[in-house]
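Trainee: 34 is the number of the first residue of the sequence shown in our numbering; add one for each residue after it. In this text, a Cβ means the ideal position worked out from N, Cα and C, and glycines have one as well. Sharing a structure, written as structure tokens. Questions coming.
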Amino acid sequence: MRPNLIPRYFLILALVAASFFSCNEKEVFTSEAIESYIPLQQGKYIVFRLDSLVFTNFGRTIETHRYQEMHEVDTLITDNLGRPSYRIFVYQRDSLGTTPWAPVSTYFITPLGNQFEKVENNLRFISMHLPLRDGYSWKGNKYLPTNPYGTLYNFSNDDNMGDWDYYYDGDPG
34 MRPNLIPRYF
44 LILALVAASF
54 FSCNEKEVFT
64 SEAIESYIPL
74 QQGKYIVFRL
84 DSLVFTNFGR
94 TIETHRYQEM
104 HEVDTLITDN
114 LGRPSYRIFV
124 YQRDSLGTTP
134 WAPVSTYFIT
144 PLGNQFEKVE
154 NNLRFISMHL
164 PLRDGYSWKG
174 NKYLPTNPYG
184 TLYNFSNDDN
194 MGDWDYYYDG
204 DPG
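Set out below in structure tokens:
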């Protein structure tokens with residue numbers, strides 16, 4: 034007596050069809066080179082108009098401070114790890130632009146193959162990381178010490194800043 038072969042053929046056909054439809058192409062996502070997002074050329078600058086809320090009188094009064102801030106690429110330098118970096122000067126003036134620019138700080142940007150590192154106040158951050166796409170995340174504070182602002186402020190930060198996730202929300206382009 035010969036067994037019924039139809040169920041076997043049906044099973045084989047179902048497996049072949051399932052494997053055929055389960056094979057799909059993966060989306061290939063490419064970003065532009067990281068250097069194309071921040072033009073790091075000597076003399077390049079960007080000006081921001083900023084508003085800051087300042088709480089005075091033990092939090093009873095709110096003041097709004099308005100000013101302009103300019104970030105200017107100064108020159109190519111070598112950071113403490115021997116990598117090429119760019120020194121950025123930061124200047125401020127009044128919000129109407131009637132006073133001269135006054136220097137307020139300096140930071141460094143180090144472009145790496147897939148990320149930008151920013152060193153500000155001797156603290157290193159990964160401020161941008163490829164790929165630039167919605168939902169992508171990275172540990173931007175992973176180089177920070179346990180209590181990075183302890184010498185500046187009298188408070189304890191229990192949020193483990195080194196574990197914070199930076200992420201892109203929305204279309205970065």
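Excluding sequence positions up to five away, which residues of its chain have a Cβ less than 7 Å from the Cβ of residue 86?
Mentor: For the purposes of this step, residue 86 is identified with residue 53 of the sequence shown, where counting begins at 1. For residue 86, where only same-chain residues beyond five positions count, the Cβ hits under 7 Å are 95 and 97.
Trainee: Between the stretch 160-175 and the stretch 131-141, are three or more C-beta pairs nearer than 8 Å?
Mentor: Short answer: they don't touch.
Trainee: Measuring only the C-alpha atoms, how far is residue 110 from residue 75?
Mentor: Numbered from 1 along the sequence shown, position 77 holds the residue referred to as residue 110. Numbered from 1 along the sequence shown, position 42 holds the residue referred to as residue 75. The straight-line gap from Cα to Cα measures roughly 11 Å.
Trainee: Start and end of the beta strand (DSSP E) containing residue 69?
Mentor: Locating residue 69 in the sequence shown gives position 36, counting from the first residue. Taken as a continuous stretch (DSSP letters only), residue 69 belongs to no beta strand (DSSP E), as it is neither H nor E.
Trainee: Return the CA-CA distance between residue 115 and residue 81, expressed in angstroms with no decimal places.
Mentor: Translated into positions along the sequence shown, residue 115 becomes position 82. Translated into positions along the sequence shown, residue 81 becomes position 48. For residue 115 and residue 81, the distance between alpha carbons rounds to 31 Å.
Trainee: According to DSSP, is residue 196 part of a helix, a strand, or is it coil?
Mentor: Taking the sequence shown and counting its residues from 1, the one referred to as residue 196 is at position 163. Here residue 196 sits in helix by DSSP.
Trainee: What residue range does the beta strand (DSSP E) around residue 127 cover?
Mentor: Walking along the sequence shown from the start, residue 127 turns up at place 94. 117-127 is the extent of the beta strand (DSSP E) around residue 127.
Trainee: Round the Cβ separation of residue 194 and residue 177 to the nearest angstrom and send it over; I've been treating them as touching at under 8 Å.
Mentor: Your numbering for residue 194 matches position 161 in the sequence shown. Your numbering for residue 177 matches position 144 in the sequence shown. With a Cβ gap of about 5 Å, residue 194 and residue 177 count as contacting.
Trainee: May I ask which residues mark the beginning and end of the beta strand (DSSP E) holding residue 99?
Mentor: Taking the sequence shown and counting its residues from 1, one reaches residue 99 at position 66. Residues 94-111.
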